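Participant: After the structure tokens below, expect a handful of questions from me.
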Amino acid sequence: DTGVSQNPRHKITKRGQNVTFRCDPISEHNRLYWYRQTLGQGPEFLTYFQNEAQLEKSRLLSDRFSAERPKGSFSTLEIQRTEQGDSAMYLCASSPPVAGSNEQFFGPGTRLTVL
Amino acid sequence: QKEVEQDPGPLSVPEGAIVSLNCTYSNSAFQYFMWYRQYSRKGPELLMYTYSSGNKEDGRFTAQVDKSSKYISLFIRDSQPSDSATYLCAMSERGSGTYKYIFGTGTRLKVLA
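Same order as they appear, the protein sequences are chains A and B.
Read in order, the letters of the first sequence are residues 172 to 286 in my numbering.
Read in order, the letters of the second sequence are residues 202 to 314 in my numbering.
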């Protein structure tokens with residue numbers, strides 16, 4: 172399968188714990204996005220990488236959130252000191268290096284439940 | 202007011218019906234318009250991707266963009282029970298640097314056999 176993959180698919184944690192999610196984009200896609208989706212809502216943009224550079228962060232991304240893409244391939248999203256309000260689906264998307272195009276292909280998501 | 206407005210539904214139609222799904226938006230800088238299908242507890246799947254105004258057809262799906270009215274539509278012909286899902290519209294600006302998407306809330310569609 173050459174689509175975007177995310178791991179784990181589900182994560183249940185207790186409030187106050189740290190969690191880390193991984194996203195592997197489609198091969199040769201240099202743009203990578205993280206979104207968060209809560210029940211009954213559309214995805215909301217969190218952050219964007221072009222290669223290894225993090226070029227934009229939403230104000231939704233509090234200082235408890237950090238994202239990395241160290242070698243311009245896979246990315247990780249870490250949430251420190253989780254809160255119940257962090258419960259959501261975390262989606263990763265990637266986009267190819269085509270000028271003027273931004274088709275984004277999404278992974279299956281990581282569903283986080285904070286107890 | 203949200204940048205992108207979408208009726209959450211649910212919308213129930215009989216099998217074989219033509220389905221019309223719509224979004225309105227307020228940001229005149231939006232140039233890219235997308236439709237995604239999302240099954241329960243799955244990631245969004247890209248259905249249609251259009252730039253600027255006009256129509257685009259792909260199989261049973263037709264996307265329309267009317268920038269003068271700030272209104273986009275997705276039509277599904279000969280709807281099937283397997284089309285039952287949530288349909289999300291998404292938009293982004295050209296030249297914003299990130300091309301981040303702004304999504305609607307999604308419309309839940311149920312096609313009855």
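Ideal Cβ placement from N, Cα and C applies to all residues, glycine included.
Fair warning: this is a prediction, and the values are worked out from it, not measured in the lab.
Along chain B, in chain order, which residues have C-beta atoms closer than 7 Å to that of P279 (chain A)?
Facilitator: In the first sequence, counting from the first residue as 1, residue 279 (chain A) sits at position 108. K243 and G244, listed in chain order.
Participant: What does the Cβ neighbour count give for S221 (chain B), buried or exposed, with the cut at 16 atoms within 10 Å?
Facilitator: The residue you call residue 221 (chain B) lines up with position 20 of the second sequence. By the neighbour-count rule (16 or more Cβ atoms within 10 Å), S221 (chain B) is not buried but exposed.
Participant: If S265 (chain A) and I197 (chain A) are in contact, beta carbons under 8 Å, what's the gap, nearest whole angstrom?
Facilitator: For the purposes of this step, residue 265 (chain A) is taken as residue 94 along the first sequence, with counting starting at 1. For the purposes of this step, residue 197 (chain A) is taken as residue 26 along the first sequence, with counting starting at 1. Their Cβ separation, rounded to whole angstroms, is 5 Å, which keeps S265 (chain A) and I197 (chain A) in contact under 8 Å.
Participant: Considering only DSSP beta bridges, list what S198 (chain A) is partnered with.
Facilitator: What you label residue 198 (chain A) is simply residue 27 of the first sequence in a count that begins at 1. None; S198 (chain A) has no bridge partner.
Participant: Could you tell me whether the Cβ of Q225 (chain A) comes closer than 7 Å to any Cβ of chain B?
Facilitator: Numbered from its first residue, the first sequence carries residue 225 (chain A) at position 54. It does not: the Cβ of Q225 (chain A) has no partner Cβ on chain B nearer than 7 Å.
Participant: Between the alpha carbons of L313 (chain B) and L247 (chain B), how many angstroms are there, rounded?
Facilitator: The residue labelled residue 313 (chain B) in the question sits at position 112 within the second sequence. The residue labelled residue 247 (chain B) in the question sits at position 46 within the second sequence. Whole-angstrom Cα-Cα distance: 23 Å.
Participant: Going along the chain, which residues of its own chain have a beta-carbon closer than 6 Å to the beta-carbon of I303 (chain B), five neighbours each way excluded?
Facilitator: Numbered from its first residue, the second sequence carries residue 303 (chain B) at position 102. Within the same chain, I303 (chain B) has close Cβ partners E204, V205 and M292.
Participant: S272 (chain A): which of B:S254, B:Q232, B:T225 and B:T287 sits nearest, CA to CA?
Facilitator: Counted from its first residue, the first sequence places residue 272 (chain A) at position 101. When each option's Cα is compared against that of S272 (chain A), the closest is B:Q232.
Participant: Taking 7 Å as the limit between beta carbons, can you name the residues of its chain near P209 (chain B), skipping five residues before and five after?
Facilitator: Sequence index remark: in the second sequence, residue 209 (chain B) carries index 8 (1-based). Closer than 7 Å at Cβ, skipping near neighbours: T306, G307, T308 and R309.
Participant: Taking CB distances under 7 Å as the criterion, tell me whether F245 (chain A) reaches chain B.
Facilitator: To locate residue 245 (chain A), count along the first sequence from 1; it is residue 74. For F245 (chain A), the answer is no, since every Cβ of chain B falls outside 7 Å of its Cβ.
Participant: In angstroms, rounded to a whole number, what distance separates the CA positions of Q265 (chain B) and G213 (chain A)?
Facilitator: Here residue 265 (chain B) refers to the residue found at position 64 of the second sequence. Here residue 213 (chain A) refers to the residue found at position 42 of the first sequence. Those two C-alpha atoms are separated by around 20 Å.
Participant: Starting from I183 (chain A), follow its DSSP beta bridges and name the residues at the other end.
Facilitator: For the purposes of this step, residue 183 (chain A) is identified with residue 12 of the first sequence, where counting begins at 1. Paired residues: A:T284.
Participant: What are the residues in the region 290 to 309 of chain B lying within 7 Å of chain A by C-beta distance?
Facilitator: Against chain A - using a Cβ distance shorter than 7 Å - the residues of the region 290 to 309 of chain B are S293, G298, T299, Y300, K301, Y302, F304, G305, T306 and G307.
Participant: Which two residues bound the contiguous beta strand (DSSP E) that contains K203 (chain B)?
Facilitator: Walking along the second sequence from the start, residue 203 (chain B) turns up at place 2. Where K203 (chain B) is concerned, there is no enclosing beta strand (DSSP E), given that its DSSP letter is neither H nor E.
Participant: Output the distance between the C-alpha atoms of P267 (chain A) and Q221 (chain A), rounded to the nearest integer angstrom.
Facilitator: The count along the first sequence starts at 1 and reaches residue 267 (chain A) at position 96. The count along the first sequence starts at 1 and reaches residue 221 (chain A) at position 50. Cα to Cα, P267 (chain A) sits roughly 10 Å from Q221 (chain A).
Participant: Do P245 (chain B) and L275 (chain B) have their CB atoms nearer than 7 Å?
Facilitator: Here residue 245 (chain B) corresponds to residue number 44 of the second sequence, with the count starting at 1. Here residue 275 (chain B) corresponds to residue number 74 of the second sequence, with the count starting at 1. No, these two residues do not count as a Cβ contact at 7 Å.
Participant: Taking P209 (chain B) as the query, report the chain A residues whose CB atoms sit under 8 Å from its CB, ordered along the chain.
Facilitator: Against the second sequence, residue 209 (chain B) aligns to sequence position 8. Neighbours of P209 (chain B) on chain A, chain order: G211.
Participant: Give me the chain B residues within the contact set of N273 (chain A), using Cβ-Cβ distance strictly less than 7 Å, ordered along the chain.
Facilitator: Numbered from 1 along the first sequence, position 102 holds the residue referred to as residue 273 (chain A). Going along chain B in sequence order, the residues near N273 (chain A) (Cβ under 7 Å) are Y233, S293 and Y300.
Participant: Taking only three categories from DSSP, how would you classify Q255 (chain A)?
Facilitator: Along the first sequence, one-based indexing puts residue 255 (chain A) at 84. Here Q255 (chain A) sits in helix by DSSP.
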